Amino acid sequence: MPNYSKIFEGEESITQQEFEDWHEQTVLELVQKQPHFSVGWAAQTLDYFLQTAVKLAGFGRPDLQKWLHPVMFCGQEEEDVRDSYQTKLSDITSYSEYKTLINSLNIKAKQYSDEFFLP
Numbered sequence: 019m020p021n022y023s024k025i026f027e028g029e030e031s032i033t034q035q036e037f038e039d040w041h042e043q044t045v046l047e048l049v050q051k052q053p054h055f056s057v058g059w060a061a062q063t064l065d066y067f068l069q070t071a072v073k074l075a076g077f078g079r080p081d082l083q084k085w086l087h088p089v090m091f092c093g094q095e096e097e098d099v100r101d102s103y104q105t106k107l108s109d110i111t112s113y114s115e116y117k118t119l120i121n122s123l124n125i126k127a128k129q130y131s132d133e134f135f136l137p
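Each residue of the sequence shown is one higher than the last, beginning at 19 in my numbering.
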């Protein structure tokens, strides 16, 4: 089970590095405990939960919202992004591959409105 207290509890702002380290460890633990998950799907599931818990429900340490990874919805928008980067979530088998996709999505998100990312 992920250790959410590291990112949800406390009054001290969370740093980007602290969040990234927690995220990687959590994704890899999810894959280890649920081997049918690829790294891509484990990260997508975690990211969707975090978007909901932090942005909509207000959980988290100060600055956590700044470091969340974007989440794609299924559909045409996802196909456009996937085609751009030649990657499907089920094909992402390492965390470094996932980070490459997320970095690309962050660039793409800045170019377009947030129409295919959670608010």
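We treat Cβ as the ideally placed atom computed from N, Cα and C, and that holds for glycine. This one's a predicted model, so the numbers in the text were calculated from it and none came from an experiment.
| Check | Outcome |
| --- | --- |
| Kindly indicate the opening and closing residues of the alpha helix (DSSP H) around A60. | V57 to L68 |
| Would you mind sorting G58 into buried or exposed? The rule is 16 or more other CB atoms within 10 Å of its CB. | buried |
| How would you call S56, buried or exposed, if buried means at least 16 neighbouring beta carbons within 10 angstroms? | buried |
| Would you mind stating whether Y66 and V45 have Cβ atoms separated by less than 9 angstroms? | no |
| Given a threshold of 16 other Cβ atoms within 10 Å of its Cβ, counted over all protein chains shown, does Q139 qualify as buried or as exposed? | With the chain covering only 19 through 137, there is no way to say anything about residue 139. |
| Whole angstroms is fine: what's the gap from Y116's alpha carbon to W85's? | 15 angstroms |
| Answer yes or no: do L48 and A60 have a C-beta to C-beta separation smaller than 9 angstroms? | yes |
| I25 and G78 look like a contact to me (Cβ under 8 angstroms); what is the Cβ gap, rounded to whole Å? | 6 angstroms |
| Can you name, in chain order, every residue of its own chain whose Cβ lies under 8 angstroms from the Cβ of H41, other than the five neighbours on each side? | A61, L64 and H87 |
| Which residues in the same chain as L68 place their Cβ atom closer than 7 angstroms to its Cβ, once the five residues preceding and following it in sequence are excluded? | L86 |
| Which same chain residues end up closer than 6 angstroms to P20 when comparing Cβ atoms and leaving out the 5 residues on each side of it in sequence? | T44 |
| How long is the line joining the alpha carbons of Q35 and L82, rounded to whole angstroms? | 11 angstroms |
| Alpha carbon to alpha carbon, how far is E27 from D39? Give it in angstroms, no decimals. | 16 angstroms |
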